[in-house]
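Colleague: If you count the sequence shown from 1, position 27 lands on 195 in our numbering, and the numbers rise without skipping.
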Amino acid sequence: IDYIEHCNDLLSYKEFQKFGTKKASDRSKAMVEQLQHFGVITSKKVAEVMEIVDRACFVPDGTPPYVDSPMQIGYNVTISAPHMHAMCLQLLEENLKPGMRALDVGSGSGYLTACFALMVGPEGRAVGVEHIPELVNSSILNIRKSAAASFLEQGSLTVHVGGISLETQNSWENRTFISTVADGRLGWPEDAPYDAIHVGAAAKEIPQPLIDQLKPGGRLVIPVGNIFQDLQVVDKNLDGSVSIRSETSVRYVPLTSREAQLLGY
């Protein structure tokens with residue numbers, strides 16, 4: 169059963185209007201409870217993290233944050249629907265234990281990177297890579313408003329515009345960040361290898377650099393395809409071999425270069 173389309177109907181804007189007068193923590197909890205009720209969230213840990221990391225911190229002002237639908241965040245990029253975040257977190261849960269390392273490619277709003285940070289804890293490492301500098305800047309601001317702010321402060325959570333060198337500096341509270349511009353298909357080798365890698369955009373094929381950056385025993389979750397896409401789960405076995413399976417049909421924006429992204433290709 170393709171429950172993704174089913175959940176889009178069940179968890180509509182009308183469904184969540186009744187939560188509009190509640191405070192943010194209650195609305196976030198209500199969103200999670202709905203996803204649990206319809207069988208989308210089955211993990212206690214994922215439910216806990218999605219309650220704590222308030223989606224309202226990661227969507228533009230005026231956007232209904234708890235509707236189960238992707239939302240535009242600018243630059244032809246979306247924040248995924250809550251059910252997709254839940255699915256990916258559950259697929260990666262065993263690879264997001266305290267002390268583990270996680271990479272979020274196409275980190276966009278920063279929401280899933282923040283969730284990763286809470287799951288791997290301060291002794292772990294959560295890394296976001298996004299090739300649009302403006303989104304990196306806004307995602308840092310989003311994370312600072314969220315329950316993951318302390319992880320950003322202490323350095324166990326970082327967000328990069330990653331890959332090839334570009335001379336640019338961004339000031340944040342008298343701190344200077346020297347960023348580089350990248351193609352997310354190259355991952356972020358500086359903090360590799362990773363126990364978990366998530367890709368938030370669809371690749372035509374699985375990029376080899378991402379497989380190379382997986383630890384033995386690690387898992388990559390990535391949408392693959394063009395018009396027709398599958399969410400693929402890639403497991404690197406302890407001997408270095410790779411197993412691939414398709415989880416479900418999905419529809420994501422393409423994983424591409426910054427220039428193509430801005431042009432809407």
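The C-beta atom is built at its ideal place from N, Cα and C for all residues, glycine as well.
All values derive from a computational prediction rather than experimental measurement.
Unbroken beta strand (DSSP E) runs of length 3 or more, entirely within the region 189-244: which are they?
Modeller: The region 189-244 contains these whole beta strand (DSSP E) runs: 239-242.
Colleague: Where does H205 land, buried or exposed, given buried means 16+ other C-beta within 10 angstroms?
Modeller: Exposed is the call here.
Colleague: Should N310 go down as buried or exposed, given a rule of 16 or more other Cβ atoms within 10 Å for buried?
Modeller: By the 10 Å Cβ count, N310 comes out buried.
Colleague: I'd like the ranges of any alpha helix (DSSP H) spanning at least 4 consecutive residues and lying wholly in the region 256-291.
Modeller: Runs found: 279-288.
Colleague: Which whole runs of the alpha helix (DSSP H) in the region 372-419 are 4 residues long or more, in chain order?
Modeller: For the region 372-419, whole alpha helix (DSSP H) runs of length 4 or above, ordered along the chain, are 376-380.
Colleague: Let me check one thing: in DSSP terms, what residues is R293 bridge-paired to?
Modeller: Its beta-bridge partners are R269.
Colleague: Could you confirm whether any beta carbon from chain B is found closer than 8 Å to the beta carbon of N394?
Modeller: In the displayed structure, chain B is absent; only one protein chain is listed.
Colleague: What three-state label does DSSP hand A254 in the structure shown?
Modeller: In the structure shown, A254 sits in a helix (DSSP, three-state: H, G or I).
Colleague: Can you list, in chain order, the residues of its chain with a C-beta nearer than 7 Å to that of L423? Leave out the 5 residues immediately preceding and following it.
Modeller: Result list for L423: G274, G352, R353, V367, A369, A370 and A371, in chain order.
Colleague: My guess is that V392 and E415 are in contact by the Cβ rule of under 8 Å, so how many angstroms apart are they, rounded?
Modeller: Not really, about 11 Å apart at Cβ, beyond 8 Å.
Colleague: If you run the structure through DSSP and keep just helix, strand and coil, what is V304?
Modeller: V304: helix per DSSP, three-state reduction.
Colleague: If we ignore side chains and look at the alpha-carbon of each, how far apart do E298 and E262 end up?
Modeller: Taking the straight line joining both Cα atoms gives about 24 Å.
Colleague: Take every Cβ of the region 390-408, pair it with every Cβ of the region 291-305, and state whether three or more of those distances are shorter than 8 Å.
Modeller: Segments in contact, no.
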